[in-house]
Each structure stands twice: as structure tokens, then as C-alpha cells.
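Okay, structure first, notes after.
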Amino acid sequence: MAVETMKQEAQRLLSDVPAENVFWVNDGCILHNMKELADEIKNMSDDAFFYHANGEKNDFITWVRDVIKDETLVRELRKSSTKTQSAKAVANRINILSKRMS
Numbered sequence: 255m256a257v258e259t260m261k262q263e264a265q266r267l268l269s270d271v272p273a274e275n276v277f278w279v280n281d282g283c284i285l286h287n288m289k290e291l292a293d294e295i296k297n298m299s300d301d302a303f304f305y306h307a308n309g310e311k312n313d314f315i316t317w318v319r320d321v322i323k324d325e326t327l328v329r330e331l332r333k334s335s336t337k338t339q340s341a342k343a344v345a346n347r348i349n350i351l352s353k354r355m356s
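First residue of the sequence shown: 255, per the numbering used here; consecutive thereafter.
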């Protein structure tokens with residue numbers, strides 16, 4: 255992938271999603287982008303995290319896959335079983351994408 259294409263892809267992945275595709279957290283927060291996702295996972299209660307990510311579903315993975323469309327982050331989130339691991343996976347992905355943009 256060309257450098258300019260990688261930059262554009264990184265910018266797209268880090269940008270706000272369309273208003274109709276925001277993530278509504280059960281604690282009332284509304285997430286517009288990957289950075290807000292990282293911050294919210296890190297700071298949300300364990301109950302809120304478990305509501306969205308448990309043995310039956312993972313709303314974060316679904317949103318990242320279907321809305322943000324970042325399969326790399328989806329793979330990392332699938333490996334994460336805790337709130338801390340999930341927050342770290344998103345933060346690491348943001349860091350990698352941010353470096354591509356500079």
C-alpha cells in the first residue's frame with residue numbers, strides 16, 4: 255500500500271463516524287470515533303463493559319467491524335477478554351494509525 259494511501263486510510267479510521275452510526279453506551283455516553291472508544295472503555299464501569307462485551311456478544315467488536323471497518327482492531331479486540339486489555343488494544347491501534355499520519 256502506498257504511503258499516501260496508508261495515510262488516508264489511517265485518517266479515515268480515526269475520523270468521526272456518521273451521526274447515524276455513533277455508538278450508544280448503556281451509561282449514556284455517545285461515541286463518535288476510535289479515540290472516544292478507547293477513553294470510554296478505559297473509564298467505564300465494569301458493569302457497563304460487561305453489558306457490551308460478554309460471552310454472548312461484543313458490541314465494541316461489532317461497531318469497529320461494521321462501522322469503523324478496521325479488521326486489524328477487530329482481531330485485537332477478539333483476543334481481549336478484559337476491559338483493560340480492550341482499552342489497551344484500541345489505544346495501541348490509535349497509536350499505530352497516528353504514526354502513519356505523520
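The beta carbon of each residue, even a glycine, is placed where N, CA and C say it ideally should be.
In whole angstroms, what is the alpha-carbon distance linking residue i and residue j?
{"i": "D300", "j": "E274", "result": "27 angstroms"}
{"i": "T326", "j": "A302", "result": "24 angstroms"}
{"i": "F314", "j": "D270", "result": "15 angstroms"}
{"i": "S352", "j": "E310", "result": "32 angstroms"}
{"i": "E290", "j": "Q262", "result": "20 angstroms"}
{"i": "V344", "j": "V257", "result": "22 angstroms"}
{"i": "V328", "j": "D281", "result": "23 angstroms"}
{"i": "T338", "j": "M260", "result": "28 angstroms"}
{"i": "N312", "j": "I350", "result": "23 angstroms"}
In its own chain, which residues sit with a C-beta less than 8 angstroms from the C-beta of residue i, not counting the 5 before and 5 after it?
{"i": "S340", "result": "I295, F303, A307, F314, L331, S334"}
{"i": "D324", "result": "L267, M288, V318, R347"}
Span of the alpha helix (DSSP H) holding residue i?
{"i": "V257", "result": "257–268"}
Enumerate in chain order the residues of its own chain whose CB-to-CB distance from residue i is below 6 angstroms, with the five nearest sequence positions on each side excluded.
{"i": "F277", "result": "L285, W317"}
{"i": "V321", "result": "V271, N275"}
CB-CB under 7 angstroms to residue i, same chain, minus the five flanking residues each way: which ones, in chain order?
{"i": "Q265", "result": "M355"}
Is the closest heavy atom of the ligand NAP to the C-beta of residue i under 7 angstroms?
{"i": "A302", "result": "As for the ligand NAP, it is missing from this structure, which has no ligand bound."}
Identify every run of the alpha helix (DSSP H) within the region 274–336, keeping only runs that are complete inside it and at least 4 residues long; order them along the chain. 288–297, 300–306, 313–317, 325–333
Assess, as a yes-or-no matter, whether the region 326–337 is touched by the region 279–287 under the definition of 3 or more beta carbon pairs within less than 8 angstroms. no
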